[in-house]
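Reviewing the structure listed below.
Number of protein chains: 6
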Amino acid sequence: MKEKIAQAKLLLEALPYIKKYANQIFVIKYGGSAQINPDLKNRFAQDVILLHLVGIKPVIVHGGGKKINDLLDKLQINSEFVDGMRVTSEEVMEVVEMVLCGNINKEITNLLNMHGSKAIGITGKDGNFMTATPKDNGKYGLVGEINMIDNRVIENLLEEKFIPVIAPIASGNEINHPGFNINADLAASKIAASLGARKVIFLTDIVGVLDKDKNLLSTLTKEQIESYKADGTIHGGMIPKVDACLEAVNAGVEKAHIIDGRVEHSLLLEIFTSDGIGTVIRN
Amino acid sequence: MKEKIAQAKLLLEALPYIKKYANQIFVIKYGGSAQINPDLKNRFAQDVILLHLVGIKPVIVHGGGKKINDLLDKLQINSEFVDGMRVTSEEVMEVVEMVLCGNINKEITNLLNMHGSKAIGITGKDGNFMTATPKDNGKYGLVGEINMIDNRVIENLLEEKFIPVIAPIASGNEINHPGFNINADLAASKIAASLGARKVIFLTDIVGVLDKDKNLLSTLTKEQIESYKADGTIHGGMIPKVDACLEAVNAGVEKAHIIDGRVEHSLLLEIFTSDGIGTVIRN
Amino acid sequence: MKEKIAQAKLLLEALPYIKKYANQIFVIKYGGSAQINPDLKNRFAQDVILLHLVGIKPVIVHGGGKKINDLLDKLQINSEFVDGMRVTSEEVMEVVEMVLCGNINKEITNLLNMHGSKAIGITGKDGNFMTATPKDNGKYGLVGEINMIDNRVIENLLEEKFIPVIAPIASGNEINHPGFNINADLAASKIAASLGARKVIFLTDIVGVLDKDKNLLSTLTKEQIESYKADGTIHGGMIPKVDACLEAVNAGVEKAHIIDGRVEHSLLLEIFTSDGIGTVIRN
Amino acid sequence: MKEKIAQAKLLLEALPYIKKYANQIFVIKYGGSAQINPDLKNRFAQDVILLHLVGIKPVIVHGGGKKINDLLDKLQINSEFVDGMRVTSEEVMEVVEMVLCGNINKEITNLLNMHGSKAIGITGKDGNFMTATPKDNGKYGLVGEINMIDNRVIENLLEEKFIPVIAPIASGNEINHPGFNINADLAASKIAASLGARKVIFLTDIVGVLDKDKNLLSTLTKEQIESYKADGTIHGGMIPKVDACLEAVNAGVEKAHIIDGRVEHSLLLEIFTSDGIGTVIRN
Amino acid sequence: MKEKIAQAKLLLEALPYIKKYANQIFVIKYGGSAQINPDLKNRFAQDVILLHLVGIKPVIVHGGGKKINDLLDKLQINSEFVDGMRVTSEEVMEVVEMVLCGNINKEITNLLNMHGSKAIGITGKDGNFMTATPKDNGKYGLVGEINMIDNRVIENLLEEKFIPVIAPIASGNEINHPGFNINADLAASKIAASLGARKVIFLTDIVGVLDKDKNLLSTLTKEQIESYKADGTIHGGMIPKVDACLEAVNAGVEKAHIIDGRVEHSLLLEIFTSDGIGTVIRN
Amino acid sequence: MKEKIAQAKLLLEALPYIKKYANQIFVIKYGGSAQINPDLKNRFAQDVILLHLVGIKPVIVHGGGKKINDLLDKLQINSEFVDGMRVTSEEVMEVVEMVLCGNINKEITNLLNMHGSKAIGITGKDGNFMTATPKDNGKYGLVGEINMIDNRVIENLLEEKFIPVIAPIASGNEINHPGFNINADLAASKIAASLGARKVIFLTDIVGVLDKDKNLLSTLTKEQIESYKADGTIHGGMIPKVDACLEAVNAGVEKAHIIDGRVEHSLLLEIFTSDGIGTVIRN
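Protein chains in written order, with numbering that gives the first Met the number 0: chain A, 0 to 282; chain B, 0 to 282; chain C, 0 to 282; chain D, 0 to 282; chain E, 0 to 282; chain F, 0 to 282.
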């Protein structure tokens, strides 16, 4: 019996968070191991559905990762590289879209539905809700920068109690345009800002932002980020991640979280426990 | 970290129940120690608010107990007794109403509000929503039997996201009528039946229904109750409790629960864990 | 026939008032003889229901008066007095609440319902809609000053076509706080101001405000009140009454009325006849 | 003061009727002196508006009477007569429509609006809401019998709080058809039946139905009507009037009233006093 | 088959206009031959219904023309003339109203209904939606100038998917006032401005505004109109027409069209083809 | 001008159809040349948008055709064949889904959006709205038969004025299930039946159903189909097409159309002209 009571108490620890976040939009960037490991996938789905049931409105944005490269390889499509980034040709774009939207997006949608939600998968081409222009004057081909998000499509889905699952492809806003390949982190931040989300949460394969002694930095302000970037504490692949966070926070999202998707139920831990598990960036 | 993950898992154990009970009405008869012990009171309030936040619609029905006798004593009001039951004279009724509605009801309402809900206290006289006639031809004075429940008052409150807290007093449906004193257990069952509630739950000071060896009977059917009554397993004060359960179950409420309000968070344990802690009666 | 036609004409005299007051909120402070005399009680109920049927939204605020003292005496609770006012101890407060909310409020609610309306009785603790802080730093114990009114609870009731009947007790906005005892006249004025009421009407046991020759002053402006107070025309128990009126009028209520509740149907006379029967205070 | 109180009491006598008739449709056939005498016209308008304000939904149906004949005379249009009834030729029909719809209907509409309502005048051609076929195979030309009433047009007006004022002209349901001339009494009865009205009231220039000794028959049943027709008590012009009443009552209208429009405020007297002033026919 | 395909292509030419005008109000002044010639009448009705079906909200305003004079003549009513304009006496006004509202308005309403719409005919007296004061201090009798339009009556009809057909008579806003005779062109412009219409379209018996060489002027700006008036290009009966257009355009209506109602389907041609057929005036 | 008038007349020929089909659902199976030829694609988009603008609710179901085989070939995925049908292995299914949902569906969605509609692309996995079981006990692998359609997802989209574009993939209703490949014609018929569509229209690369002399059969009844199948008139690839039509018609869809998508604007021709261009099958 004691054990059971302890269990009920844990349930109640979530109470203040449930109250605080009722009817708030959380944009969750889903990626990394949590998107690959079967066990983590199921836990992610459970977490999202719990959020949904207690009144939070989750919006999922996912990336594509290795599967895109696999199919490009199988099809022997070679790519040019500029600044270490793959240039998205029309041929590449077709593969990107097939994998992102025709494979991964549907897999996530189905995963959530099979755990009991009503998820609907969309891309920027659906309802033409997200459009883009070429990044850096087209230096990277069809890699795009979002220039418009029409909230109504997502808001309609949220009103009908659906969980939107978004593949980061933007419409080119022209007939026969193949669309644009959008960085998933930036898509998540832009969508969060446009929807007036309370949080944007990045599920990654790292513990969070670390200081020079490899200790987790639990919270970061804009100023601290500047200083950590300057002294090299934040460097390499962490820079774009942190920049995506800043993008959202600067546009009015209250908090951006970088959390470790390799930890089981990391979403619930971050949202429903007092100290969380990753790094929180606020303005 | 492991401990935290265990915590998240516990949270998720509640998931199937949260899904199942979304938008369902639970009528909770609140009484006994859980209504007196300050610590249990706060836990009860937390439990009710958690139910509310995850989408359940709780309706609280409470009794009066010792406080009524205390005030009758202080006021030196003597009562006649018939069949061991106090006859409710007009003088007694006035005290019953003042204590139930002017003291206990407001205390519970305030308790729930202070934990963050929006509770509203009512009696059958509000909106004339519950009327009665004298029980057994008035043998017990103003002790009444419910003859009409107008769901609209409670339904209006539920629609507006209020938690109704009901004192078991019925309107006499006449000008200047002092009203009727209703047994709280029966009021809870009748209200549950009238509202089409999913559950009626009795918070008591007993473990549940016990067999002859003092072991808990986790589930009981109508037939088992008959047989246990016949052989004396169910006897004494347990008989009216079990009859109130049957009243509800026979009128279409899926399950009636008798649980131990002395156990912390007994409401959550009963509702959100697989085997519960008390006795469940179903048809 | 002639008599009947005269009757029809009288009915039509009310027409311009009915038009003018459609959908307007009238807060009515109910007290004095009209709350005690059985005949006047029924006439009051008829009047309120007629107002309701012709499209006015009545909100009733009542006091407690003699019944509180009676119960305090019976329970031999002694009170300290400061400035001639009874200090409300916790013990006194419990009695105040039981009488106001558990006795008088339910009696009025039932009275209105038995005449055909749907009235619901509430106090500031219901939905925590009215909170207070101690008056004059607690000099008078739990006598409070309203610091917040949340209109939504009353507005919800009005939308559902209920007549709210309000006992002037405010929530202390803390767990286990016994609440505050509020002067009923001031509660009526504050509630009228908060709801944007068209009128606040005080049913009293006086003819209205009188001049030095005991003639009724039919209308009073703010300036006249100042001058009558200065020269002693308005004095004694009339001062707080007039101040409650000013409170409402200064906060935007169009008119405050002090009328003689001892006159049968005084409410209808004041509202539906051209010259009314009491004193009107306007800004 | 006493006089005023008597006035308030008279107001309250209307209370049970106001309750009973809230949201009910009353179809009123307006005609006779009440439509001609300037003083009676204004009183009629006041009465209708009072009904409207206390929650009744009045629908006015009017006839044309003398004005049609006047214009036919001025235009020297001669008519054939069959069975003593004027045959409605196309030429006559044009005059009927101009007078009914372009003169009388607008006059009544304006009268009601000037007394403070929002009345809208329509004929069966508006929204094609009332269609007819020739009466007795066209024996009387364009005199028609209603064969369809589409309630939606009137119901839309009632929902928007308008008072519909209906000229008894029906659409011929064909392009270029001049429409049909409908007996106003029958139109009122048919419309009342179609709308599910609570009452149909005929304002006439007679006291009501009289027995052989010229005493008013306050109530009449179907059976009594048969018998009074048989013995000649009901005869002449009273027969079609009574038949129009029966038409409505047989189709489910609770009561049909024949009242004396020459009496001031006869509408209010009939509706809001216990014994009324005319003859009531019920099933 | 080729012919059919050509037909489909023509249908599609309307597409951009249908998109652009969805949910927009078009006020159409109906008059001239299109109101007299049976064939043109039917085509007009078809055109209006097509507009309605593809999502445009047509509002029809009509004049009276020859029929008023005919009836005045038949009734031998003589009129005084001032500045070449007939003075509208009360006697004349009665005829104007009977013809406009009791004859022409109902004919148009019926015409539209017989082609499948739900049209409702009204005048300014209905719902008192349009009031006027005497033009030029009453120099022309009951010829009025609109001083108030209450959009709600028309908007209610539009919401219920009715097509309003308006006779240009204004209420005099007094009991027993015969109303005012309003110039139909000006009524159309004022109504268009008040409703925030997208277009006001005048169906006339001329090709449009012509230059000195009798060539059609397809578009006109305010400045061009001034200059053409100055040099006499626009003169005579064209001046008030053009002024009515300016009235609407200056009040915010995007475009005013003068088109040739003698051309079959001129409404469709003007609205759904790229260059239209008449003269467009824009700000 | 004459030409223009002819054009307007053509526009009006569509009038009765527009009236008849307002608010009706049309399910359109999009395939064949109309899905490949750039010119026909644009015309198809225009046609669909015109339908939408005049009040019809189009639902598009598409197939995949050659593109699936192309990608299977490029990826050198070999398939087993049973009864001449390719068995859908998991490997094949992944390609089918990527092409149908990640390529073709988005292309059509974008095409419609670029012509001015708001289209949203979905598959049975979105909102889990269409589930299937293996056809013929899995003889063909993941080729499925629809066993459930949840209309709410499509109905929500239609309510929000979106055009749903559906890829014929069904959910397997299990975690990690790759889904089922559904015959697009049957999906269209089943969806039409489930939604209560007025029409299902198949865009094909044939003229329609032909008789033995290669003349078009404009209409076909169930009985005629039986007899034409029996005598071999309907044979080969036409049989499943006709069976899909019967499936819809037997389930209550009023008409099923087989039309020639190679003809420009064939959709408009079939819907808005009196004799259509293909074969209609009705019950």
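Heads up, the beta-carbon is just placed ideally off N, CA and C, and yes, glycines get one too.
Closer than 8 angstroms to the CB of D/Glu-96 there is at least one CB belonging to chain E.
Contacts with chain B at 8 angstroms (Cβ-Cβ) include C/Ser-170. With its beta carbon at least 8 angstroms from every one in chain B, A/Leu-185 lies outside the interface. Listed in chain order, the alpha helix (DSSP H) elements of length 4 or more contained wholly in the stretch 220-251 of chain F are 221-229, 237-249. F/Ala-187 sits close to F/Val-199, with the two beta carbons spaced by under 8 angstroms. Below 8 angstroms, enough C-beta pairs join the stretch 42-58 of chain E and the stretch 18-27 of chain E to call them touching: three or more.
When the alpha-carbon of D/Asp-135 is set against those of D/Ile-162, D/Val-81, D/Glu-89, the nearest one is in D/Val-81.
Contact between E/Pro-133 and E/Gly-62 is absent: CB atoms are separated by about 20 angstroms, not below the 8 angstroms threshold.
Lys-117, Ala-118, Ile-119, Gly-120, Ile-121, Thr-122, Lys-124, Asp-125, Gly-126, Asn-127: these are the residues of the stretch 115-128 of chain C whose beta carbon lies less than 8 angstroms from some beta carbon of chain B, given in chain order.
The Cβ of E/Lys-138 sits no closer than 8 angstroms to any Cβ of chain D. CA-CA distance, A/Glu-2 to B/Tyr-16, rounds to 19 angstroms. Cβ contact annotation for A/Asn-150 (same chain, cutoff 7 angstroms, sequence separation greater than five): Ser-193, Leu-194, in chain order.
F/Cys-100 belongs to the set of residues whose beta carbon lies under 8 angstroms from a beta carbon in chain A.
Between the C-alpha atoms of B/Asn-282 and D/Glu-154 there is a straight-line separation of about 48 angstroms. In this structure, F/Ala-243 lies away from F/Asp-204, with their beta-carbon atoms at least 8 angstroms apart.
The beta carbon of D/Asp-259 is closer than 7 angstroms to those of Thr-203, Ile-205, Val-206, Gly-207, Ser-265, Ile-276, Gly-277 in its chain, skipping five residues each way along the sequence. Contact annotation, E/Pro-177 with E/Ile-121: C-beta distance approximately 17 angstroms; criterion of less than 8 angstroms not satisfied. Here C/Gln-75 is exposed, its C-beta having fewer than 16 other C-beta atoms within 10 Å.
One thing to note: A/Leu-52 has its Cβ no nearer than 8 angstroms to the Cβ of B/Leu-11. Here F/Leu-49 carries a helix assignment [DSSP, helix/strand/coil].
Judged by DSSP in its simplified three-state form, B/Phe-161 adopts coil rather than helix or strand. Residues of the stretch 68-84 of chain B whose Cβ lies closer than 9 angstroms to any Cβ of chain C, in chain order: Leu-70, Lys-73, Leu-74, Gln-75. When C-alpha distances from F/Ala-169 are compared across F/Ser-273, F/Asn-182, F/His-256, F/Gly-231, the shortest belongs to F/Asn-182. Per DSSP, the continuous alpha helix (DSSP H) segment holding B/Thr-108 begins and ends at 104-113. A distance below 6 angstroms between beta-carbons, with the five flanking residues on each side excluded, links E/Leu-141 to the following residues of its chain, in chain order: Thr-87, Met-92, Phe-179, Asn-180.
Against F/Gly-54, the close residues of chain E are Leu-52, Val-53, Gly-54, in the order they occur along the chain (beta-carbon pairs closer than 9 angstroms).
The Cβ-Cβ distance between E/Met-97 and E/Tyr-139 does not fall below 8 angstroms.
Here C/Ser-170 carries a strand assignment [DSSP, helix/strand/coil]. Taking 8 angstroms as the CB threshold, A/His-256 stays off the interface with chain B. Contact of F/Ile-174 with chain A is assigned, a C-beta pair being separated by under 8 angstroms. With fewer than 16 neighbouring CB atoms inside 10 Å of its own CB, A/Lys-73 falls in the exposed class.
Between B/Ala-13 and chain A, the shortest Cβ-Cβ separation is below 8 angstroms.
Per the coordinates, the alpha-carbon of F/Ala-255 lies some 20 angstroms from the alpha-carbon of F/Glu-144. Using a CB distance cut-off of 8 angstroms, A/Phe-271 counts as an interface residue toward chain B. In the assembly as shown, F/Ser-116 is a buried residue. Its beta-carbon has 16 or more other beta-carbons within 10 Å.
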